[in-house]
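**Q** The structure follows.
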Amino acid sequence: MTEPDPNLNLDFSNTEIAFSHKSDKELKKTGWLFKMMNNHNLVKIGSKLGLFAIRFNLPFTESVVRNTIFPQFCGGETLLDCQKTIDKLYDFDIFTILDYGAEGKSDEDDLDMVMKETLKAVEMAASNNSVPVVSTKITGLVDNTILEKMHNKEVLSDGDKRKYQHLYERVDEICGKAFELGISIYIDAEESWIQDPIDELVMQMMEKYNKEKATVFNTYQLYNVLKLEHLKRDHQRCLEKNVYFGSKMVRGAYMDKERLRASEMGYPSPIQPDKLSTDRDYNEALTYCIENHTSIASCCASHNAESNMLQAKLIHEKGIDHNHHHINFCQLFGMSDNITYNLAKSGYNASKYVVYGPIKDVVPYLIRRTEENASVTGEMSRELGLVDQEMKRRGL
509 MTEPDPNLNL DFSNTEIAFS HKSDKELKKT GWLFKMMNNH NLVKIGSKLG
559 LFAIRFNLPF TESVVRNTIF PQFCGGETLL DCQKTIDKLY DFDIFTILDY
609 GAEGKSDEDD LDMVMKETLK AVEMAASNNS VPVVSTKITG LVDNTILEKM
659 HNKEVLSDGD KRKYQHLYER VDEICGKAFE LGISIYIDAE ESWIQDPIDE
709 LVMQMMEKYN KEKATVFNTY QLYNVLKLEH LKRDHQRCLE KNVYFGSKMV
759 RGAYMDKERL RASEMGYPSP IQPDKLSTDR DYNEALTYCI ENHTSIASCC
809 ASHNAESNML QAKLIHEKGI DHNHHHINFC QLFGMSDNIT YNLAKSGYNA
859 SKYVVYGPIK DVVPYLIRRT EENASVTGEM SRELGLVDQE MKRRGL
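Written out as structure tokens, the structure reads:
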């Protein structure tokens, strides 16, 4: 556990603050769920069974999910359902980032539906002081084969060009509505083999909508050896265009898939050689953004206690207001409450990514969440240890 810094009045091991929002019953349920997720074999089997059960609409499947993993990691099935979660977070000075969790499809009607759902989220955010950001995925707005062709610089057919034009129009409508209503848009990163056209599209949106404030943010996966360089490059481009640069920094979500594809296709893996290299680049990116916070609006989107503490220390050392609107922290709803709640208690801009959507549509997200947590060394053990610590403190 990261050592508390007496100069900051910030201690990520303070479980009384971390779980102040949970009743004894809720805390016990969270502990039970994390114990299940700490079992790698159970997660592997459960993931396959979950996808099978949802795909074939087996009875009681949605009911089981709704009463176990769904409320731990999701805000609700609809935007309206999320309001209770949003309000409860804001009671503890935590902001919400809304994220429609349904997986993208290739049918144009489905892609339009994702756009409309995202626009609804932007409108809802504008009516809530507690929701400053909406997140979206480009892969939910276009047939991914178009992105791969563009990344590989293939010649697009007329049909492909029309599909890309539809993507541009969808993203432009979302960013334009966000700009109009004073909401920020975080655009997720994807696999390396489709990322270049996403980066270019997001930069075009920044140039259009970040003239007055940081509306559009790109996401940088620092487990990729090139992303620190890309972040600095994109900042320079924004400086040249006299617009604000929006940067959300994550470590990355597709490590196994990236390495496997590189191995199978015979090209060098874009992934850092080890975790230390990822941590180094992540913390350097974070430091760069804080040092340039007048022209960069950034978000430390991390469950890593050291990185979150580093950002808090940099804010303190540079005499920046804890709640400066260009400096943000965020963790996934249901994870790392020890980080989010303690940051919020100390006056920082702390937020939770709140995923929502119909259970049958967000199950792939939930499965990814459990598998990622099971694969990250010690992640579930740490979460479980914090819950156990708080249960002992309460005498449960």
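Be aware that the sequence shown starts at 509, since it is given in my numbering, and climbs by one per residue.
The C-beta atom is built at its ideal place from N, Cα and C for all residues, glycine as well.
1) How about the stretch 726 to 740 and the stretch 656 to 675: do they share at least three Cβ pairs that are nearer than 8 Å?
2) Can you name the start and end residues of the beta strand (DSSP E) that Ala722 belongs to?
3) Just tell me which of Trp540, Glu524, Phe520 and Glu677 has its CA closest to the CA of Tyr888.
4) Is the stretch 766 to 780 touching the stretch 818 to 832, taking contact as three or more C-beta pairs under 8 Å?
5) Taking the straight line between their C-alpha atoms, what separation do you get for Phe837 and Asn575?
6) For a test of the three-state rule: what should DSSP assign to Gln839, helix, strand or coil?
7) Residues in its own chain within less than 8 Å of Leu892 by CB, not counting five upstream and five downstream?
8) Nearest-angstrom Cα distance between Asp599 and Ser638?
9) In chain order, what residues of the same chain lie with their CB nearer than 8 Å to the CB of Lys657, ignoring the 5 residues before and after it?
10) Does the beta-carbon distance from Ser755 to Ala813 come in below 9 Å?
11) Name the DSSP bridge partner or partners of Met757?
12) Output the distance between the C-alpha atoms of Phe687 and Arg901, rounded to the nearest integer angstrom.
13) Taking only three categories from DSSP, how would you classify Lys860?
14) Within 10 angstroms of its Cβ, does Thr885 collect 16 or more other Cβ (buried), or is it exposed?
15) What is the DSSP secondary structure of Asp787, reduced to helix, strand or coil?
16) Residue range of the beta strand (DSSP E) that Val641 falls in?
17) What do you reckon, are the CB atoms on Glu616 and Lys671 nearer than 9 Å?
18) Where does the unbroken alpha helix (DSSP H) through Gly609 begin, and where does it stop?
19) Are the beta-carbon atoms of His586 and Thr604 separated by less than 9 Å?
20) Determine the closest residue to Val758 out of Ser810, Val751 and Glu799, with distance taken between C-alpha atoms.
21) When you compare each of Asn660, Asn846, Met632 and Ile654 to His674 by their alpha carbons, which one comes out closest?
22) Run through DSSP, which three-state label would Ile691 get?
23) With a threshold of 16 other CB atoms inside 10 Å of the CB of Asn850, please say whether the residue is buried or exposed.
24) From what residue to what residue does the beta strand (DSSP E) around Gly893 run?
25) At the level of alpha carbons, what is the spacing between Asp782 and Gly842?
26) Is Thr604 helix, strand or coil by DSSP?
**A** Reading off the structure:
1) Flag = no, the stretch 726 to 740 and the stretch 656 to 675 do not touch.
2) Element bounds for Ala722: n/a, residue is neither H nor E.
3) At residue 888 the sequence reads Met, which differs from the Tyr that was named. Checked all of Trp540, Glu524, Phe520 and Glu677; the closest Cα to Met888 is Trp540.
4) With a cut-off of 8 Å, the stretch 818 to 832 and the stretch 766 to 780 do not count as touching, because too few Cβ pairs lie within range.
5) Cα-Cα distance, rounded: 29 Å.
6) When secondary structure is reduced to three states using DSSP, Gln839 falls in the strand class.
7) Shown here for Leu892: same chain residues with a beta carbon closer than 8 Å to its own, the five before and five after excluded, namely Gly539, Phe542, Lys543 and Asn546 in chain order.
8) Roughly 10 Å between the two C-alpha positions.
9) Here the set comprises Leu664 and Asp668.
10) Their beta carbons are not under 9 Å apart, which means Ser755 does not touch Ala813 by this criterion.
11) For Met757, DSSP records a beta bridge to Tyr728 and Cys808.
12) If you take the alpha carbons of Phe687 and Arg901, they lie about 46 Å apart.
13) Lys860: strand per DSSP, three-state reduction.
14) Unreliable positioning characterises Thr885 in this predicted model, as indicated by a pLDDT of 48, which lies under 50. The coordinate reading is nonetheless provided below. With fewer than 16 other Cβ atoms within 10 Å, it is exposed.
15) Shown here, Asp787 sits in a helix according to DSSP, grouped into three states.
16) First-last of the beta strand (DSSP E) with Val641: Val641 to Thr644.
17) Contact: yes.
18) Careful: Gly609 lies outside any alpha helix (DSSP H) and carries neither H nor E.
19) Correcting the residue type first, residue 586 is Thr in the shown sequence and not His. For Thr586 and Thr604, no; Cβs fall outside 9 Å.
20) Ranking the options by Cα distance to Val758, first place goes to Ser810.
21) Selected option, being the one with the closest Cα: Ile654.
22) It is coil, neither helix nor strand.
23) Under this definition Asn850 is a buried residue.
24) In the DSSP assignment, Gly893 falls outside any beta strand (DSSP E) and lies within the alpha helix (DSSP H) extending over Glu887 to Arg902.
25) Answer to the nearest angstrom: the Cα atoms are 27 Å apart.
26) Three-state result, Thr604: strand.
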